[in-house]
Amino acid sequence: MALGGIVELDLHGYNRMDALAEIERVLSKCDSSTYRIRVVHGYHGGTSLRNMIYDEFSYGRNTKVKRIQNGSNPGITELILREL
4 MALGGIVELD LHGYNRMDAL AEIERVLSKC DSSTYRIRVV HGYHGGTSLR NMIYDEFSYG
64 RNTKVKRIQN GSNPGITELI LREL
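In our numbering, the protein residues as written are 4 to 87.
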């Protein structure tokens with residue numbers, strides 16, 4: 004779901020491989036109007052998906068992702084595609 008430049012992606016119930024594939028699919032479809040992907044991965048079931056996001060998308064590993072930041076709660080991670 005897109006909210007004015009922010010794409011929200013809910014990954015509850017996904018395993019690491021499926022979550023990675025879904026994030027990459029969404030990234031490939033983002034155009035210049037999208038500046039942030041808000042990944043809702045949950046927290047109470049563990050931090051496996053959050054750790055995968057940091058492992059796969061930090062340190063310039065994906066050219067579309069400029070940086071990663073924590074969301075408004077521990078169950079959200081935001082991929083920043085461009086600064087406003």
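We treat Cβ as the ideally placed atom computed from N, Cα and C, and that holds for glycine.
Residue nearest to residue i in terms of C-alpha spacing, selected from the options
i: Lys69; options: Leu30, Gly78 and Leu52; result: Leu30
i: Ile83; options: Ser35, Leu52, His47 and Asn76; result: Ser35
i: Arg41; options: Met55, Thr80 and Arg85; result: Thr80
i: Ile9; options: Leu52, Pro77 and Cys33; result: Cys33
i: Leu14; options: Thr37, Tyr62, Asn65 and Gly49; result: Gly49
i: Gly74; options: Tyr46, Arg19, Lys67 and Ala22; result: Tyr46
i: Ile71; options: Ser61, Met55 and His44; result: Ser61
Three-way DSSP call (helix, strand, coil) for residue i in this model
i: Leu14; result: coil
Neighbour flag for residue i against chain D, beta carbons, 7 Å
i: Val43; result: Protein chains in the displayed structure number just one, and chain D is not present.
Beta-carbon separation (whole angstroms), residue i vs residue j, contact threshold 8 Å
i: Tyr17; j: Glu27; result: Their Cβ separation, rounded to whole angstroms, is 13 Å, which puts Tyr17 and Glu27 out of contact at 8 Å.
Query - Uninterrupted beta strand (DSSP E) stretches inside the region 33-86 (no shorter than 3 residues) - result: Complete beta strand (DSSP E) runs here, min 3: 39-43, 70-73 and 79-83.
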